[in-house]
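The structure appears below as structure tokens.
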Amino acid sequence: MNIEPDDDQRMLFEAVDGLLARSYAPGFRGRAVSSDRGYSEEVWSALTEMGLTGLTIAEEFDGMGAGIAEVYVTMEALGKNAAVEPLLDGVYLPSWLIAGLDHGEAGAALLRRLAGGREIFAVAHAEPGRIWHAVPAVVATADAGGSVTLEGVKSPVPRADQAAVLLVTAVDADGRTGVYVVDGDAPGIVRIDGRGPDWTHASEVHFTGAPARQLGNAGDESVLALRGAYSRARLAVSAEAIGLAEAGLARVVAYLPNRRQFGVSLDTFQALDFRCADLYSEVELARSYALWATTVAAAGTVDPAAADDTFAYVGAMARTAAEEIIQLHGGIGMTFETDVAHHAARLTAIRESYGGVAAARRRALRSATLTAVPEALPG
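Residues 19 to 397 (the numbering used here) make up the sequence shown, in order.
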């Protein structure tokens, strides 16, 4: 099985990397996350013009109809540049969820809005004080006329402050989990906006009689769609982590010859060279794992257990990479103004994405279909 990206995918990676590299000069990420939107409007417009907001959306809905392998190389390029533009949480994750649940005209209209790049959506699933895979505490209530309203709290909700639409998980009167569409400016919504550990925007969202529309059917259909969408998201964010770690290591290697202690440059200390070599091995092993899982997913359906295994493995690498690139830079690596601090912060945040590494590891261990070794797979 060949797990390397093909020529077209490599060209996509190079195009996205080249676009981002032209903007993400030293200090650019800090300015972007400090802005009102939390990312660069100019970079977002360029990504939209390239068609990346339609990458995961079928051609019939004005998208490109690409698969998870193309998402992988795109997200690795974003990671390499520590880019903060919300392609994954604002476009790809919502598009996977919509496509998995609503095959009618309403779903098509939502997908066309995402593909256009003028709006982003947010998926609101996490709840304060509750484990990721618990039945939602947010309640969807339908009146005699069929109108639905939501009551409860979601937190954290990435990018909710900029989202035109919220896709909210909630439980109905029969105890079934469903996904509901809520306009970002609908009545009955109160947001408390803040930031995550990587300085990207996230909010606590309170729903009090907020009008909503059900997406697809509640119950097993919604649960399966959520698992599939989040499994793809875990593979995608793993690719971002690999790009971040690789770029962070490159910055360390470039920095050590320029930092001096005891009258000599740090690259003359073998112990530090060995640490860089060890980190390189960690990154490449994680890359192989993620590429294998992505290749398997591209060849068929996404296996949630394989995605969890990959996310847990890459998450362990992300922690090591964050610690090493900070320590090898010394105190300056902790400052907001230093690019490696942003790499480390984003790597740390990725470990807690979508329920976190610990929850993914527990799910993988409980799965009836543990990940098979690559040699056991058909070619």
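Backbone N, C-alpha and C define an ideal beta-carbon position, used for all residues, glycine too. Computed from a predicted model, the values in this text were never measured in an experiment.
8 Å Cβ shell around residue i - same chain, five flanking residues per side excluded
i	result
Thr195	Val153, Pro154, Thr187, Ala188, Val189, Ala236, Gly237, Ser240, Val241, Leu244
Val171	Glu145, Pro146, Ala155, Val156, Glu222, Val223, His224, Phe225
Val255	Met93, Leu106, Phe329, Ile368, Ser371, Tyr372
Tyr110	Leu73, Thr74, Val89, Arg250, Ala251, Ala254
Phe31	Pro23, Val91, Thr92, Glu94, Ala95
Glu77	Gly83
Arg47	Ala100, Ala101, Val102, Asp357, His360
Spatial neighbours of residue i in its chain, beta-carbon cut-off 6 Å, leaving aside the 5 residues before and after
i	result
Pro392	Note that Pro392 scores a pLDDT of 42, beneath 50, so its modelled location is shaky and nothing firm can be said.
Trp150	Gly373, Ala377
Val34	Thr92, Ala95
Ala50	Tyr57, Ser58, Val102
Ala390	At Ala390 the pLDDT is 47, less than 50, meaning the model places this residue with poor confidence; the figure from the coordinates comes in the next sentence. So the list is empty, once near-sequence residues are dropped.
Pro176	Asp107, Ala220
Val375	Ala330, Gly333, Arg369
Ile21	Leu309, Trp310, Thr313
Leu38	Asn99, Ala101
Exposure of residue i, with buried meaning 16 or more beta-carbon neighbours within 10 Å
i	result
Asp326	buried
Thr353	exposed
Ser165	exposed
Gly333	buried
Met335	buried
Ala324	buried
Gln232	buried
Asp296	exposed
Leu383	exposed
His360	buried
Glu264	buried
Arg213	exposed
Asp120	buried
Asp357	buried
Ala230	buried
Ala340	buried
Gly234	buried
Between the CA atoms of residue j and residue i - distance to the nearest angstrom
i	j	result
Thr319	Ala84	14 Å
Glu67	Leu132	13 Å
Leu73	Ile260	20 Å
Ser63	Gly135	8 Å
Glu300	Ala158	45 Å
Asp54	Ser385	42 Å
Glu18	Pro275	Beyond the ends of the chain as shown, which are 19 and 397, falls residue 18; an answer cannot be given.
Ala87	Ala308	10 Å
Asp192	Ile350	55 Å
Lys98	Thr167	42 Å
Met29	Gly36	10 Å
Phe139	Ala317	28 Å
Asp25	Asp201	40 Å
Ala142	Leu185	6 Å
Glu355	Asp321	40 Å
Arg40	Val61	10 Å
Thr104	Pro174	The sequence shown places Pro at residue 104, rather than the Thr named in the question. Each residue's Cα considered, the two are about 15 Å apart.
Arg269	Arg379	30 Å
Ala257	Ala160	40 Å
Thr338	Gln345	11 Å
Asp203	Gly266	39 Å
Thr291	Ala100	Note on identity: in this sequence residue 291 is Asp, with Thr being the wrong assignment. Each residue's Cα considered, the two are about 24 Å apart.
Ile207	Ala228	6 Å
Leu128	Trp217	28 Å
Gln27	Glu169	44 Å
Gly348	Val197	46 Å
Ser52	Ala182	21 Å
Local conformation of residue i per DSSP, three classes
i	result
Arg369	helix
Val51	helix
Phe139	strand
Val2	In this structure the chain extends from 19 to 397, so residue 2 is not present and cannot be described.
Gly227	strand
Ala181	strand
Ser385	coil
Ala394	Its pLDDT being 38, under 50, Ala394 is placed unreliably by the model, and nothing is read from it.
Leu168	strand
Ile207	strand
Val270	helix
Gly212	strand
Thr353	coil
Pro174	strand
Ala160	strand
Residues near residue i by beta carbon distance below 7 Å, same chain, minus five either side
i	result
Asp179	Arg209, Asp211, His219, Ser221
Arg130	Phe79, Asp80
Ala247	Leu111, Trp114, Leu115, Gly118
Pro215	Ala363, Thr366, Ala367
Arg148	Ala155
Any non-hydrogen atom of the ligand FAD closer than 6 Å to residue i Cβ
i	result
Arg231	In the structure shown, the ligand FAD is absent, as is every other ligand, since no ligand is present at all.
What are the uninterrupted segments assigned as beta strand (DSSP E) that are 3 or more residues long and contained completely in the region 216-264, given in chain order?
-> 219-233
Tell me the start and end of each unbroken beta strand (DSSP E) in the region 106-134 that is at least 3 residues and wholly inside, in chain order.
-> You should have found no qualifying run.
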